[in-house]
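For any residue, its number in this note's numbering is found by taking its place in the sequence shown, counting from 1, and adding 361.
Glycine included, C-beta positions come from ideal geometry on N, C-alpha and C.
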Amino acid sequence: MTTGTISRNNPQNVTDYPNNNTYFLVWNFKDSLTAAQIKPVFQRVCALVINLNNSALDRFPNSKASCVMGIGYNAWLQLGLPTPLPAELKNFETITGAKHTAIATKGDLHFHIRSDVQSFAYDMASVITDFMKTIADCVVEVQGFRYWDSRSILGFVDGTENPHGTDRDYFAVIDEQDPVYKGGSYLFVQKYLHNLDAWKSLPVAEQEKVIGRSKELDIEMSDEIKPKNAHIALANIGDDFKVVRDNMPFGSVTTNEMGTYFICYASTFTTVEKMLRNMFVGDPAGNYDRILDFSTATTGSLFFVPSMDMLDEFAG
Ligand code: HEM
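In structure tokens form, the structure reads like this:
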């Protein structure tokens with residue numbers, strides 16, 4: 362970007378590690394507006410996202426600040442963005458298990474804003490909102506925070522078995538399998554609420570069986586003792602099928618509405634779907650993920666994250 366030459370495989374910042382502060386924003390375009398009214402603001406927002414990322418590098422190089430924008434299937438069509446669409450972009454469809462459901466909810470644009478400097482994260486969210494509120498309604502606003510050594514609010518370290526090094530690009534960013542969309546990524550999000558009272562009433566040894574790892578030291582259980590319905594037993598679908606997760610805890614202690622914002626970037630959405638099916642329907646069917654007895658998905662949306670240069674084209 363800084364040299365002025367942008368290559369097609371110049372991704373948005375989808376492979377960075379979670380940091381201290383995050384805003385997650387989901388916006389839906391106002392029904393009362395036409396595409397012709399929405400498009401100029403959308404173009405302006407694409408330019409703004411590029412501007413904010415460049416500015417972050419220049420002004421706060423150590424803050425790990427970035428803003429990633431994703432576009433939903435309906436929005437892609439409504440805005441008249443290129444066809445054929447990214448191969449696996451569609452509306453996420455509800456996955457119904459015997460006991461738990463991964464619901465599907467509408468999302469036109471998703472913003473994933475990160476910065477160790479909280480003020481900068483706030484400023485980015487605020488300036489994006491100034492534009493977005495003229496064309497869309499915000500349906501999800503979550504402020505995630507780093508909890509101790511990257512723990513979910515359930516008290517377990519979250520992110521350990523994520524891909525590392527160059528594997529992050531391999532699993533998160535589209536390569537030659539969809540040449541037009543090389544450098545792009547599928548973004549899947551779910552806002553989970555936890556039943557923390559029920560969770561806290563479980564003895565730690567039992568909690569560890571739910572996750573499949575030890576709580577304090579984050580060590581994986583051996584296959585002999587790991588229950589078949591442990592979270593990691595069902596979410597792990599093999600070394601060749603991984604995603605890059607950036608989950609963050611959020612919530613309010615006084616209402617006890619505490620949760621996990623699940624977010625992942627993937628080069629193929631089918632990988633995410635397979636994980637979700639294992640968790641919600643179970644493998645075999647009925648052997649569902651026990652983490653869901655303490656966690657309810659209240660949203661579920663799929664977005665496509667274009668490469669930076671495609672975002673630049675969209676900016677017009
Ligand atoms: C309630 C929401 C969730 C919470 C609190 C949660 C938490 C965790 C924790 C604590 C771990 C173990 C440490 C690690 O390797 O990261 C883990 C692993 C993992 N989770 Fe989740 N998770 C949630 C939802 C999901 C969902 C929806 C997916 C997939 C669609 C998923 C996919 C994975 C994968 C792939 C692993 C690594 C498994 C392995 O290879 O060992 N998680 N999660």
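With burial defined as no fewer than 16 other Cβ atoms inside 10 Å of the residue's Cβ, what is the status of residue 461: buried or exposed?
-> buried
Would you identify the three-state DSSP class for residue 333, choosing helix, strand or coil?
-> A query on residue 333 cannot be resolved here, the shown segment of the chain reaching from 362 to 677 and no further.
Inspect the CB distances between the region 540-552 and the region 660-669 and report whether three or more fall short of 8 Å.
-> yes
Are there three or more Cβ pairs, one per stretch, closer than 8 Å when the region 481-500 is compared with the region 394-406?
-> As far as the Cβ criterion goes, the region 481-500 touches the region 394-406, which means the pair count is three or higher.
Cα-Cα, which of 590, 528 and 442 is closest to residue 602?
-> 528
Excluding five sequence neighbours on each side, which residues of the same chain lie with their C-beta closer than 6 Å to the C-beta of residue 433?
-> 468, 469 and 664
Tell me which same chain residues have a C-beta within less than 6 Å of the C-beta of residue 363, skipping the five on either side of it?
-> With a pLDDT of only 31 at residue 363, under 50, the local geometry of the prediction cannot be trusted, and the value read off the model is given with reservation. Correct list: empty, nothing qualifies.
Just reading off the beta strand (DSSP E) that residue 409 is part of, what are its end residues?
-> From DSSP, residue 409 is part of no beta strand (DSSP E) but of the alpha helix (DSSP H) over 396-420.
Report yes if the C-beta of residue 520 is less than 7 Å from at least one heavy atom of ligand 1; otherwise report no.
-> yes
Counted within 10 angstroms of its Cβ, other Cβ atoms place residue 565 as buried (16 or more) or exposed = exposed
Does the separation of the CB atoms of residue 671 and residue 411 fall below 8 Å?
-> no
Cβ of residue 662 versus every heavy atom of ligand 1: is any distance shorter than 7 Å?
-> For ligand 1, not one heavy atom lies less than 7 Å from the Cβ of residue 662.
Using the C-alpha atoms, what's the distance from residue 657 back to residue 647?
-> 17 Å
Per DSSP, which one or two residues make a beta bridge with residue 612?
-> Answer is 619.
One or two residues paired with residue 470 in a DSSP bridge = 388 and 432
In three-state DSSP terms, what is residue 635?
-> helix
Candidates 374, 465 and 618: closest to residue 472 by CA position | Closest option to residue 472, Cα to Cα, is 374.
Report the partner residues of residue 658 according to the DSSP bridge assignment.
-> 553
Cβ shell of residue 628 (< 8 Å), same chain only, five flanking positions each side left out | The residues 531, 532, 533, 534, 535, 536, 538, 546 and 547, in chain order, have a CB closer than 8 Å to that of residue 628 in the same chain once the five nearest residues on each side in sequence are set aside.
For the region 510-551, list the alpha helix (DSSP H) runs that are entirely contained and at least 4 residues long, ordered along the chain.
-> 528-533
Would you mind working out which of 400, 512 and 654 sits nearest residue 571, comparing C-alpha positions?
-> 654
Expected contact under 8 Å - CB spacing of residue 481 and residue 381 to nearest Å | At roughly 11 Å, the Cβ-Cβ gap does not stay under 8 Å, so residue 481 and residue 381 are not in contact.
Could you pull out every residue in the same chain whose Cβ sits closer than 6 Å to the Cβ of residue 593, ignoring the five residues on either side in sequence?
-> 573
Nearest-angstrom Cα distance between residue 399 and residue 511?
-> So the two alpha carbons sit approximately 38 Å from each other.
Determine the direct distance from the alpha carbon of residue 452 to that of residue 634, and round the result to whole angstroms.
-> 12 Å
Would you say the beta carbon of residue 553 comes nearer than 7 Å to a heavy atom of ligand 1?
-> Taken from the Cβ of residue 553, at least one heavy atom of ligand 1 lies inside 7 Å.
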